[in-house]
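Engineer: Heads up: the sequence lines are chains A and B, in that order. Numbering-wise, the first sequence is residues 1 to 288 according to the UniProt record's numbering. Numbering-wise, the second sequence is residues 1 to 288 according to the UniProt record's numbering. Every residue, glycine too, gets a C-beta built ideally from N, C-alpha and C. Quick one: this structure, given as structure tokens, is what I'll be asking you about.
There are 2 protein chains.
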Amino acid sequence: MADIIATLQKQHDELSRSEQRIAEIVFEDKAFAVNASIIELAARADVSPPTVTRFCRRLGCNSFSEFKVRLAQSAFIGTRYLEPEIKVSSAQEVIDTVMGRAQSTLNVLHENVDPAVVEKIAERILKAKMIYAFGSGGNSSLFAHEVQNRLFRLGLRVAASEDHSMQLMTASTLSEEDMVIGLSISGRNRELARALEVAAGYGAATASVTKGESLVAQASQLSLAVDLPEGTDVLRPSSARYAFLAAIDMIAFLVAIRRKDSAIEPLRRIKRQLVTYRDEDDTQVLGD
Amino acid sequence: MADIIATLQKQHDELSRSEQRIAEIVFEDKAFAVNASIIELAARADVSPPTVTRFCRRLGCNSFSEFKVRLAQSAFIGTRYLEPEIKVSSAQEVIDTVMGRAQSTLNVLHENVDPAVVEKIAERILKAKMIYAFGSGGNSSLFAHEVQNRLFRLGLRVAASEDHSMQLMTASTLSEEDMVIGLSISGRNRELARALEVAAGYGAATASVTKGESLVAQASQLSLAVDLPEGTDVLRPSSARYAFLAAIDMIAFLVAIRRKDSAIEPLRRIKRQLVTYRDEDDTQVLGD
DNA sequence: AATCGATAAGAAAATAATTTACATTCTGAA
DNA sequence: TTCAGAATGTAAATTATTTTCTTATCGATT
């Protein structure tokens with residue numbers, strides 16, 4: 001069941017004028033919307049109650065109260081994120097803001113992610129003899145290491161690189177047995193796009209997790225689109241991080257499931273090593 | 001406004017017998033309670049509707065619908081995702097599972113994070129002349145780099161290390177002007193705990209983001225507790241990642257706000273370099 | 001420009017949900 | 001046992017919501 005605010009944003013253009021007015025108010029003042037009766041909300045939007053009911057139906061709810069419940073379930077979390085410039089100063093406000101943005105970002109990804117692409121990338125990973133994860137810049141290099149971190153636990157051969165030159169050189173040594181996964185938030189990493197093309201030129205499979213339609217997306221055979229609105233406030237932490245982590249999570253999780261039997265043994269071994277070495281409590285997280 | 005489920009548990013003993021029966025049902029099946037009408041809920045608890053109204057009032061709500069809204073807002077609603085073993089096989093199920101766990105993990109963090117500690121760590125970071133972020137193992141080393149990635153953008157001096165030996169050697173060179181931030185999911189990283197103690201021994205400030213009460217937490221002066229239930233299924237991706245990322249996000253965000261004026265300039269510079277070099281569209285994410 | 005069809009939106013009626021007011025039934029202490 | 005007070009239910013009143021039906025609006029077509 002999708003987040004109602006996300007649905008609201010997505011369907012905004014398909015709403016009638018009155019409905020958009022309701023949407024506006026809901027969006028602007030969720031605290032009001034969540035507590036108001038249908039009559040109050042209708043009055044404030046200057047429409048009739050039946051229009052509000054129709055508005056709820058259009059959003060996939062059976063009734064106004066179902067709408068309110070769904071709104072309450074997401075409003076709490078999402079409130080702050082969508083409003084561009086909020087005054088934030090106390091620690092509690094920072095916490096709420098960070099959480100709100102993270103949640104909202106994940107919701108946006110959830111709404112837009114294409115299962116077919118996740119499936120295809122996972123399948124291709126399973127076929128590869130060796131996998132290279134490429135990403136540069138503070139964030140995307142992190143993602144490359146995350147890919148490595150996740151896949152090696154499944155007993156796959158995988159290397160990560162954040163170095164453009166290494167990426168390019170590596171790409172030119174590949175063959176049909178190899179696969180390159182490119183990571184880029186912006187999708188404008190020219191060097192990465194080049195490396196992907198070179199790799200493909202030598203027969204390697206290429207995939208990316210990046211902005212849809214971007215340079216990097218176009219340079220790869222498979223591309224999982226992660227499209228997120230990024231604010232303009234320079235102080236704003238890039239909440240895209242959560243979405244990329246989740247995207248990688250999805251791919252890795254599916255790979256794990258698809259090769260379940262052969263994946264358990266490497267994990268067991270890693271775990272045993274860590275436990276033996278560190279202490280006896282084997283509930284600890286794999287590899288910290 | 002307190003969480004309604006928490007209120008429910010706290011006031012449990014002061015409720016009458018019928019009210020306790022209602023509480024029971026709400027607690028057992030929140031999904032039902034949140035969607036049911038007062039009549040349905042009353043019927044299921046085998047009480048009359050007015051008793052339900054009285055129950056709501058006792059919990060500090062003015063009406064049944066206010067109660068429902070508060071219930072829907074309760075973070076506990078999200079915890080259904082934490083239920084251990086769901087059979088997952090299709091890509092869509094994987095996506096839903098990954099998203100659900102990520103959201104739940106974030107909810108748990110949101111519930112438990114201590115704003116005072118976030119504030120203290122941020123304040124201490126602002127005082128330090130140099131910051132070292134230490135973490136090892138696939139996940140925690142990622143977090144160390146995340147700390148570095150976030151703080152250098154604010155114009156702070158920061159280095160990350162995932163190497164135990166380097167951490168220990170570095171720790172022994174520090175002074176009052178330095179600060180070490182230790183990252184560990186499990187909190188059982190003995191080498192990290194040692195490095196933190198050594199650093200403190202030489203007068204450096206020490207903080208950690210790790211499991212509460214753990215070895216690493218005890219070894220540091222300030223510790224932001226991130227306590228999450230970790231499943232036992234070895235195939236399960238560690239959703240703790242999201243919570244740690246968020247925890248770091250909170251600290252970095254607060255640091256950014258506290259030194260707002262001086263933080264904008266470094267960010268502006270980083271951005272200008274990237275834009276000039278890469279392309280003209282300056283909406284791209286800082287550092288990809 | 002006139003007309004048709006489709007969609008949107010409101011009015012009023014019908015229905016359903018919730019609350020209030022009041023009556024009854026318990027419970028436990030004197 | 002009896003009585004005060006709390007707890008609960010019944011039924012009425014109120015309020016909220018939805019349905020049905022009508023009117024208005026807009027755009028396309030002739």
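Could you tell me which of T51(A), D178(A), G135(A) and Q9(A) sits nearest to I248(A), measuring between CA atoms?
Structural biologist: Residue G135(A) is the option with its Cα nearest to I248(A).
Engineer: In angstroms, rounded to a whole number, what distance separates the CA positions of R101(A) and Q9(A)?
Structural biologist: Those two C-alpha atoms are separated by around 15 Å.
Engineer: Please decide whether L174(A) counts as near chain B, where near means a Cβ-Cβ distance under 8 Å.
Structural biologist: For L174(A), the answer is no, since every Cβ of chain B falls outside 8 Å of its Cβ.
Engineer: Which word fits A243(B), buried or exposed, when buried means at least 16 other C-beta atoms lie within 10 angstroms of its C-beta?
Structural biologist: Looking at its Cβ environment, which holds 16 or more other Cβ atoms inside 10 Å, A243(B) is buried.
Engineer: Out of I39(A), R157(A) and E66(A), which has the shortest C-alpha to C-alpha gap to A128(A)?
Structural biologist: The candidate whose alpha carbon is nearest that of A128(A) is R157(A).
Engineer: Give the straight-line distance between the Cα atoms of S74(A) and M99(A), rounded to the nearest whole angstrom.
Structural biologist: Between S74(A) and M99(A), the C-alpha separation is close to 12 Å.
Engineer: From S186(B) to R153(B), what distance separates their C-alpha atoms?
Structural biologist: Looking at the two C-alpha atoms, the distance is approximately 28 Å.
Engineer: Rounded to the nearest angstrom, what separates G201(B) and H110(B) at their Cα positions?
Structural biologist: Roughly 33 Å separates the two Cα atoms.
Engineer: Just curious, the beta strand (DSSP E) that T210(A) is in, first and last residue?
Structural biologist: It spans A205 to T210 - the beta strand (DSSP E) in which T210(A) sits, taken as one unbroken run.
Engineer: Can you look up S184(B) in the DSSP assignment and give me helix, strand or coil?
Structural biologist: Note: S184(B) maps to strand in three-state DSSP.
Engineer: Check for me: the alpha helix (DSSP H) holding V52(B) runs from which residue to which?
Structural biologist: Where V52(B) is concerned, the enclosing alpha helix (DSSP H) stretches over P49 to R58.
Engineer: Under a CB-based cut-off of 8 Å, is L245(A) close to chain B?
Structural biologist: So yes, L245(A) belongs to the interface.
Engineer: Check distances from the C-beta atoms of the stretch 136 to 148 of chain A to those of chain B and list, in chain order, the residues that come in under 9 Å.
Structural biologist: Taking 9 Å as the Cβ-Cβ cut-off against chain B, the residues of the stretch 136 to 148 of chain A that qualify are S136, G137, G138, N139, S140, S141, L142, H145, E146 and Q148.
Engineer: Roughly how many angstroms lie between the CA atoms of S18(B) and D29(B), to the nearest whole one?
Structural biologist: When rounded, the distance between both Cα atoms is 17 Å.
Engineer: For a test of the three-state rule: what should DSSP assign to S161(B), helix, strand or coil?
Structural biologist: Reduced to three states, the DSSP call for S161(B) is strand.
Engineer: Taking 8 Å as the threshold (beta carbon to beta carbon), is A193(A) in contact with chain B?
Structural biologist: No, because no Cβ of chain B sits closer than 8 Å to the Cβ of A193(A).
Engineer: Got a sec: is the Cβ-Cβ distance from M166(B) to anything in chain A below 8 Å?
Structural biologist: No, M166(B) lies away from the interface with chain A (no Cβ there is under 8 Å from its Cβ).
Engineer: Identify every run of the alpha helix (DSSP H) within the stretch 115 to 147 of chain B, keeping only runs that are complete inside it and at least 4 residues long; order them along the chain.
Structural biologist: You should have 115 to 127.
Engineer: If the cut is a Cβ gap below 9 Å, which residues of chain A does V209(B) touch?
Structural biologist: Here the premise fails: no neighbours, minimum Cβ distance about 12 Å.
Engineer: Using CA atoms only, rank isn't needed, just tell me which of S90(A), A122(A) and A225(A) is closest to P115(B).
Structural biologist: For the residues S90(A), A122(A) and A225(A), the minimum Cα distance to P115(B) belongs to S90(A).
Engineer: Just how far apart, CA to CA, sit R236(B) and S140(B)?
Structural biologist: Low confidence applies here, because R236(B) scores a pLDDT of 49, under 50, leaving its location unreliable and the question unanswered by this model.
Engineer: Can A33(B) and L59(B) be called in contact, C-beta distance under 8 Å?
Structural biologist: Against a cut-off of 8 Å, the Cβ pair of L59(B) and A33(B) comes out as no contact.
Engineer: Could you check which residue in V209(A), A240(A), S239(A) and A193(A) has the C-alpha nearest to that of A219(A)?
Structural biologist: When only C-alpha atoms are compared, the closest one is A193(A).
Engineer: Between which two residues does the beta strand (DSSP E) holding S223(A) run?
Structural biologist: Here the beta strand (DSSP E) through S223(A) covers L222 to A225.
Engineer: Answer yes or no: does any C-beta atom of chain A fall closer than 8 Å to that of I257(B)?
Structural biologist: By this cut-off, I257(B) is an interface position.
Engineer: Quick check: the stretch 177 to 185 of chain B against the stretch 205 to 220 of chain B, are there 3 or more CB pairs under 8 Å?
Structural biologist: Contact between the stretch 177 to 185 of chain B and the stretch 205 to 220 of chain B is present, because at least three Cβ pairs lie under 8 Å.
Engineer: Beta-carbon separation of L151(A) and I131(A) under 8 Å?
Structural biologist: Contact: yes.
Engineer: What do you reckon, are the CB atoms on L215(B) and T206(B) nearer than 8 Å?
Structural biologist: Their beta carbons are not under 8 Å apart, which means L215(B) does not touch T206(B) by this criterion.
Engineer: Which same chain residues, not among the five before or five after A225(B), have their C-beta less than 6 Å away from its C-beta?
Structural biologist: Counting only Cβ-Cβ distances below 6 Å, and skipping sequence neighbours, we find G212.
Engineer: Whose C-beta lies closer than 6 Å to the C-beta of S161(A) among residues of the same chain, with five residues either side of it excluded?
Structural biologist: The answer, listed in chain order, is F134 and Q167.
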